[in-house]
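>
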Amino acid sequence: MNNVFEKIVETIVDAKGIDAASVKPESTFKDLNVDSLDIAEMVMTLEDEFGITIELEEGIATVQDLVNLINERIAG
Amino acid sequence: MLKSRVCEAIGIRYPIFQGGMAWVSDAKLAAAVSNAGGLGIISAMNADENYVRDQIHLCRTLTDKPFGVNIMLMSPHVEAVSNLVIEEKVPVVTTGAGLPGKYMPAWIEAGIKVVPVVPSVAIARRVERGGAMAVIAEGTESGGHVGELTTMALVPQVVDAVSIPVLAAGGIADGRGMAAAFMLGAEGVQCGTRFLSANECGIHENYKQKVIAARDIDTQVTGRRLGHPVRALRNPFVNKFAEMERDPAVTDEQLAAFGTGAVRKAAVEGDVQGGSFLAGQIAALVKREQPAQEIVDEMMNECEAILIKAAERIVE
Chain G
1 MNNVFEKIVE TIVDAKGIDA ASVKPESTFK DLNVDSLDIA EMVMTLEDEF GITIELEEGI
61 ATVQDLVNLI NERIAG
Chain E
77 MLKSRVCEAI GIRYPIFQGG MAWVSDAKLA AAVSNAGGLG IISAMNADEN YVRDQIHLCR
137 TLTDKPFGVN IMLMSPHVEA VSNLVIEEKV PVVTTGAGLP GKYMPAWIEA GIKVVPVVPS
197 VAIARRVERG GAMAVIAEGT ESGGHVGELT TMALVPQVVD AVSIPVLAAG GIADGRGMAA
257 AFMLGAEGVQ CGTRFLSANE CGIHENYKQK VIAARDIDTQ VTGRRLGHPV RALRNPFVNK
317 FAEMERDPAV TDEQLAAFGT GAVRKAAVEG DVQGGSFLAG QIAALVKREQ PAQEIVDEMM
377 NECEAILIKA AERIVE
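Chains as they are written, first to last, in my numbering: chain G, 1 to 76; chain E, 77 to 392.
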């Protein structure tokens with residue numbers, strides 16, 4: 001667990017009003033009822049938070065996918 | 077003459093886009109709207125690059141005015157069509173059903189003006205950052221694929237969030253709707269349903285008659301369960317789809333399979349039982365078949381008259 005994961009959880013909890021404990025790395029956005037509009041909104045927040053830009057494409061299915069994508073950008 | 081950055085940027089007379097509708101928006105309709113002073117748009121739908129190339133070439137024989145191609149980002153041929161619009165130097169590309177970020181740099185590099193359809197503020201901001209020339213803020217009143225926000229709520233919020241021009245779509249079929257969109261801060265509109273009844277629109281006569289006969293309460297949204305809600309005129313197909321959607325015994329795959337091909341059945345075959353007749357909530361305002369030129373002229377005249385008269389409402 002790292003800072004990126006925690007920030008994503010916080011963003012999802014803020015946006016959807018769900019319990020933080022229900023958000024796991026392996027949770028899919030579909031199961032969390034997070035749709036493409038929510039993802040776009042979240043990513044804007046996360047970009048500001050980490051000072052990065054992310055190109056949103058298909059293939060982000062789980063919370064871990066988004067963690068990986070953000071970590072790559074931070075490292076890059 | 078209505079002033080709009082959209083007209084200046086694209087080189088069109090009137091800030092009216094004709095929406096890219098699958099199985100509806102072909103070269104003939106697009107050329108008619110472009111000749112009328114608006115921006116005609118060819119729908120690339122799920123078609124391959126050969127179909128789209130033929131349509132682009134045909135459009136060029138029918139008009140010397142700018143026109144656009146609507147790229148459906150869920151299409152299996154999206155890569156090929158994305159390259160094609162660059163080869164063909166299509167003046168304007170609109171996008172739907174997803175985020176166009178991956179394709180935008182190459183289109184912009186090729187001088188194409190990119191105008192994505194956006195359902196929310198965050199997506200509008202993203203495509204602005206990616207170099208979009210304008211955005212089409214489409215409310216849930218529209219036909220076909222729909223988002224949740226209404227045009228009335230979405231347009232001013234998008235206008236506040238971006239500095240590029242915003243076109244309003246969803247629920248606009250005449251000059252009143254267009255004037256209202258400008259009041260909300262839009263600098264243009266996109267209409268789909270209104271152009272279904274254009275003489276130059278090649279859809280089956282049954283489709284046109286259904287739109288002309290439609291009442292305010294006649295559209296329904298189905299497909300929420302699949303994540304791609306679609307608005308269409310109620311008929312046996314829509315009723316059956318809604319019933320299957322509510323039935324937990326029906327799998328998502330079965331539901332999707334049931335919907336496959338239904339738009340073509342409506343537009344090409346006029347199948348009133350089994351077709352999906354996509355139309356917006358504004359269908360009831362579409363009252364007769366008429367040339368695209370007349371539609372555009374009526375909208376513009378009515379819109380300008382309303383905007384001019386608006387000041388008279390202030391009495392003190």
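Ideal Cβ positions, reconstructed from N, Cα and C, are used throughout, including at glycine.
So what does DSSP say about Ile52(G), is it helix, strand or coil?
Residue mapping note: residue 52(G) aligns to position 52 of the first sequence, counting from 1. Coil.
> For Ile199(E) and Met148(E), what's the separation of their Cα atoms in angstroms?
Taking the first residue of the second sequence as position 1, residue 199(E) is located at position 123. Taking the first residue of the second sequence as position 1, residue 148(E) is located at position 72. For Ile199(E) and Met148(E), the distance between alpha carbons rounds to 16 Å.
> Indicate whether Arg202(E) and Ala40(G) have their beta-carbon atoms separated by less than 8 Å.
Position 126 of the second sequence, counted from the first residue, corresponds to residue 202(E). Position 40 of the first sequence, counted from the first residue, corresponds to residue 40(G). The answer is yes: Cβ separation under 8 Å.
> Given a limit of 7 Å on CB to CB distance, which residues of the stretch 178-209 of chain E reach chain G?
Lys178, Pro195, Ser196, Ala198, Ile199, Arg201 and Arg202
> With a cut-off of 8 Å, do at least 3 Cβ pairs link the stretch 251-268 of chain E to the stretch 363-380 of chain E?
yes
> By the criterion of Cβ-Cβ separation under 8 Å, what are the contact partners of Ala40(G) in chain E?
Residue 40(G) sits at position 40 when you count from the first residue of the first sequence. Within 8 Å Cβ-Cβ: Leu175, Ser196, Ala198, Ile199 and Arg202.
> May I have the straight-line CA-CA distance separating Val169(E) from Arg300(E), to the nearest angstrom?
Your numbering for residue 169(E) matches position 93 in the second sequence. Your numbering for residue 300(E) matches position 224 in the second sequence. The alpha-carbon atoms of Val169(E) and Arg300(E) are separated by roughly 27 Å.
> Check Gln357(E) in the structure and name its three-state DSSP category.
Locating residue 357(E) in the second sequence gives position 281, where the first residue counts as 1. It is helical.
> Kindly list the residues whose CB is nearer than 7 Å to the CB of Met1(G), restricted to its own chain and excluding five residues on each side of it in sequence; keep chain order.
Here residue 1(G) is taken as the residue at index 1 of the first sequence, counted from 1. Unreliable positioning characterises Met1(G) in this predicted model, as indicated by a pLDDT of 44, which lies under 50. The coordinate reading is nonetheless provided below. Nothing listed; no residue qualifies.
> Got a sec: which bits of the stretch 292-318 of chain E sit with their beta carbon under 9 Å from any beta carbon on chain G, in order along the chain?
Gly303
> Compute the beta-carbon to beta-carbon distance between Ala106(E) and Gly116(E), rounded to the nearest angstrom, for a pair I have assumed lies under 8 Å.
Position 30 of the second sequence, counted from the first residue, corresponds to residue 106(E). Position 40 of the second sequence, counted from the first residue, corresponds to residue 116(E). Going by Cβ atoms, the distance from Ala106(E) to Gly116(E) rounds to 3 Å, so yes, they are a contact pair.
> Which stretch, first to last residue, makes up the alpha helix (DSSP H) that contains Val100(E)?
Position 24 of the second sequence, counted from the start, is the residue given in the question as residue 100(E). Unbroken run through Val100(E): none, as it is neither H nor E.
> Using a beta-carbon distance below 8 Å, is Asp35(G) in contact with chain E?
Your numbering for residue 35(G) matches position 35 in the first sequence. Asp35(G) counts as touching chain E.
> Under a Cβ-count criterion, where at least 16 other Cβ atoms within 10 Å of its own Cβ denotes burial, should Ile384(E) be classed as buried or exposed?
Taking the first residue of the second sequence as position 1, residue 384(E) is located at position 308. Per the 10 Å Cβ criterion, exposed.
> Residues of chain E with CB under 7 Å from Glu55(G), in chain order?
Translated into positions along the first sequence, residue 55(G) becomes position 55. Neighbours of Glu55(G) across chain E, judged by C-beta separation under 7 Å: Gly177 and Lys178.
> Tell me the DSSP bridge mates of Asn146(E)?
To locate residue 146(E), count along the second sequence from 1; it is residue 70. Note: Asn146(E) sits in a beta bridge opposite Ser119(E) and Thr170(E).
> Do the CB positions of Val297(E) and Val231(E) come within less than 8 Å of each other?
As a working note, residue 297(E) is residue 221 in the second sequence. As a working note, residue 231(E) is residue 155 in the second sequence. No, the pair does not count as a contact, with Cβ atoms beyond the cut-off.
> Does Leu260(E) get closer than 8 Å to chain A when you measure Cβ to Cβ?
Absence of chain A from the displayed structure is noted, the protein chains being G and E.
> Let's test the definition: count the other Cβ atoms within 10 Å of the Cβ of Glu276(E) and tell me whether it reaches 16, buried, or not, exposed.
Locating residue 276(E) in the second sequence gives position 200, counting from the first residue. The residue is buried, with at least 16 neighbouring Cβ atoms inside 10 Å.
> Assuming His280(E) contacts Glu345(E) under a Cβ cut-off of 8 Å, what Cβ separation, rounded to an integer in Å, is found between them?
Translated into the one-based positions of the second sequence, residue 280(E) becomes position 204. Translated into the one-based positions of the second sequence, residue 345(E) becomes position 269. Indeed they touch by this definition, with Cβ atoms about 6 Å apart.
> Under 8 Å between the Cβ atoms of Ser273(E) and Phe313(E)?
Here residue 273(E) refers to the residue found at position 197 when the second sequence is read from its first residue. Here residue 313(E) refers to the residue found at position 237 when the second sequence is read from its first residue. Cβ distance not < 8 Å, so Ser273(E) and Phe313(E) don't count as in contact.
> Under the rule that 16 or more other beta-carbon atoms within 10 Å means buried, what is Asp19(G), buried or exposed?
Counting from one through the first sequence, the residue named residue 19(G) turns up at place 19. It counts as exposed.
> Over the uninterrupted alpha helix (DSSP H) stretch that includes Ala308(E), give me the two end residues.
Along the second sequence, one-based indexing puts residue 308(E) at 232. Segment Val306 to Leu309 is the beta strand (DSSP E) holding Ala308(E); no alpha helix (DSSP H) there.
> Per DSSP, which one or two residues make a beta bridge with Cys267(E)?
Working through the second sequence from its first residue, we reach residue 267(E) at position 191. Bridge partners of Cys267(E): Gln94(E).
> Hey, how far is the Cα of Glu263(E) from the Cα of His133(E)?
Position 187 of the second sequence, counted from the start, is the residue given in the question as residue 263(E). Position 57 of the second sequence, counted from the start, is the residue given in the question as residue 133(E). Those two C-alpha atoms are separated by around 29 Å.
> Please list the segments of the alpha helix (DSSP H) lying wholly inside the stretch 228-290 of chain E, counting only runs of 4 or more residues, in order along the chain.
251-259 and 281-289
> With C-beta atoms as the reference, is Thr171(E) less than 8 Å away from Val157(E)?
Along the second sequence, one-based indexing puts residue 171(E) at 95. Along the second sequence, one-based indexing puts residue 157(E) at 81. No, the Cβ-Cβ distance between Thr171(E) and Val157(E) is not below 8 Å.
> Consider the Cβ of Met1(G): report whether some Cβ of chain E lies at a distance smaller than 8 Å.
For the purposes of this step, residue 1(G) is taken as residue 1 along the first sequence, with counting starting at 1. With a pLDDT of only 44 at Met1(G), under the threshold of 50, the placement of this residue in the model should not be trusted; the figure read from the coordinates follows. No, because no Cβ of chain E sits closer than 8 Å to the Cβ of Met1(G).
> When you compare only the Cα positions, how much space is there between Ala325(E) and Ala332(E)?
As a first step, residue 325(E) must be located in the second sequence, where it is residue number 249. As a first step, residue 332(E) must be located in the second sequence, where it is residue number 256. About 14 Å.
> Can you check which of these residues, Lys7(G), Thr53(G), Glu49(G) and Glu26(G), is closest to Arg73(G) by C-alpha distance?
Taking the first residue of the first sequence as 1, we reach residue 73(G) at position 73. Of the listed residues, the one whose Cα sits closest to Arg73(G) is Thr53(G).
> Where do the N-terminal and C-terminal ends of the alpha helix (DSSP H) with Val9(G) fall, by residue?
Walking along the first sequence from the start, residue 9(G) turns up at place 9. Element bounds for Val9(G): Asn3 to Lys16.
> Spatial neighbours of Leu78(G) within its chain, please: CB distance less than 7 Å, with the 5 preceding and 5 following residues excluded, ordered by chain position.
Residue coverage of chain G in this structure runs from 1 to 76, which leaves residue 78(G) outside it and unanswerable.
> Per DSSP, which one or two residues make a beta bridge with Ala112(E)?
Start at 1 with the first residue of the second sequence, and residue 112(E) comes out as number 36. In DSSP, Ala112(E) forms no bridge with anything.
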